[in-house]
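Residue numbers (the working numbering): 255 to 372. Glycine included, each C-beta is placed from N, C-alpha and C at the ideal position. This report refers to the structure that appears directly beneath it.
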Ligand SMILES: [Zn+2]
């Protein structure tokens with residue numbers, strides 16, 4: 255281990271890391287640097303507020319279609335409809351839609367639409 259190896263505790267995130275080299279300027283914290291990169295990555299950002307309306311429209315369509323499912327699909331329709339209205343209530347409460355909520359609604363809508371064919 256080289257002599258100039260320092261154990262540093264990050265003041266921002268309390269992450270502990272070692273650094274070999276000069277202590278000035280303050281060596282970057284690898285965890286903070288990674289967090290900063292992730293925050294700048296559009297894939298990790300929450301969808302825009304506009305998605306709230308689209309998500310609620312999807313939920314409404316799911317509930318409508320689920321109610322029109324044939325007898326064989328009525329159980330599936332009930333569970334999907336329940337799930338969709340739960341997610342919709344959550345989106346309304348927070349007035350925001352996460353990527354996973356949006357994806358769930360998207361998948362459920364595709365699921366009920368499959369019952370009606372093309
Ligand atoms: Zn840090």
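Not one heavy atom of ligand 1 is found less than 7 angstroms from the C-beta of residue 290.
Rounded to whole angstroms, residue 348 and residue 265 show a C-alpha spacing of 32 angstroms.
According to DSSP, residue 272 shares a beta bridge with 261. Proximity of the beta carbon of residue 272 to ligand 1 is not indicated: no heavy atom of the ligand is located closer than 7 angstroms. When only Cα atoms are considered, residue 369 and residue 292 end up about 39 angstroms apart.
In this structure, residue 280 has its beta carbon at no less than 7 angstroms from each heavy atom of ligand 1.
For residue 347, the shortest C-beta to heavy atom distance toward ligand 1 is 7 angstroms or greater. Going by beta carbons, residue 310 and residue 276 fall outside the 8 angstroms limit. Taking C-beta atoms under 8 angstroms as the contact rule, residue 334 and residue 316 qualify, at a distance of about 6 angstroms.
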